[in-house]
Amino acid sequence: HKKAWEDAGLKYKGHTDALRDFFKKNAIMMLGCKELFVGLFSEHIPLAKVSKKITFKNLSIFLKDFYKETHFKKMGLLGFNPHAGDYGVIGGKEEKIMEKAIAFVNAFLHSKKDEKFFKKALKDENLQKELLLNFKGKGVYLP
Numbered sequence: 006h007k008k009a010w011e012d013a014g015l016k017y018k019g020h021t022d023a024l025r026d027f028f029k030k031n032a033i034m035m036l037g038c039k040e041l042f043v044g045l046f047s048e049h050i051p052l053a054k055v056s057k058k059i060t061f062k063n064l065s066i067f068l069k070d071f072y073k074e075t076h077f078k079k080m081g082l083l084g085f086n087p088h089a090g091d092y093g094v095i096g097g098k099e100e101k102i103m104e105k106a107i108a109f110v111n112a113f114l115h116s117k118k119d120e121k122f123f124k125k126a127l128k129d130e131n132l133q134k135e136l137l138l139n140f141k142g143k144g145v146y147l148p
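Per our numbering: the sequence shown = residues 6 to 148.
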């Protein structure tokens, strides 16, 4: 219970925040059963701040880490905007970020590149383009 943590003087909003801090590593909140497994991209932040968190860098890191922890061969990505699938008629920024991150992470996962390259490519669009060119037609992990 979030209020109990607050009343106890804990600085964390939940287990994921605490684990992230204790182990000094990124942590992903995951919930699941045999039929459905969910990783939450934005956790413990007010709804008004969620759209600001959806960046190419943040989403790419999340998708890569989620795949590396689960090794699912097929994953879906749900958008924040309920109209994300309407091809930009209402909004569209989130959808473009999601498409770019999915393509980049797919290319990275199929490449023989290391984590150092991944971190560098997050900041360098030329490296992203080069990676995507080498990836064309090699299949995808993420839809």
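Note that beta-carbon positions come from the ideal geometry of N, C-alpha and C, so glycine has one too.
Rounded straight-line distance, which links the Cα of residue j to that of residue i
i, j, result
"residue 104", "residue 12", "41 Å"
"residue 135", "residue 21", "35 Å"
"residue 94", "residue 15", "43 Å"
"residue 130", "residue 9", "45 Å"
"residue 29", "residue 17", "14 Å"
"residue 144", "residue 113", "In this prediction, residue 144 has a pLDDT of 49, which is less than 50 and means its spatial position is unreliable; nothing more can be read from the coordinates."
Nearest neighbour of residue i, chosen from the options [CA to CA]
i, options, result
"residue 102", "59, 139, 138", "59"
"residue 116", "133, 140, 130, 131", "140"
"residue 36", "126, 85, 71, 113", "71"
"residue 137", "109, 126, 53, 127", "109"
"residue 123", "68, 23, 24, 57", "68"
"residue 111", "38, 77, 96", "77"
"residue 96", "56, 125, 24, 46", "56"
"residue 49", "121, 41, 32", "32"
Extent of the continuous alpha helix (DSSP H) run through residue i
i, result
"residue 80", "Segment: none, residue 80 is in no alpha helix (DSSP H) and carries neither H nor E."
"residue 104", "98-115"
"residue 54", "52-58"
"residue 128", "120-128"
Extent of the continuous beta strand (DSSP E) run through residue i
i, result
"residue 42", "42-45"
"residue 37", "34-37"
Under the three-state DSSP convention, the category residue i falls into
i, result
"residue 144", "Its pLDDT being 49, under 50, residue 144 is placed unreliably by the model, and nothing is read from it."
"residue 15", "coil"
"residue 85", "coil"
"residue 29", "coil"
"residue 21", "helix"
"residue 66", "helix"
"residue 135", "helix"
Contact belief for residue i with residue j at Cβ below 8 Å, rounded distance in angstroms
i, j, result
"residue 100", "residue 84", "7 Å"
"residue 79", "residue 127", "Incorrect: roughly 24 Å between the Cβ atoms, too far for contact."
Chain B within 7 Å of residue i, Cβ atoms only
i, result
"residue 47", "The question asks about chain B, but that chain is absent: this structure has only one protein chain."
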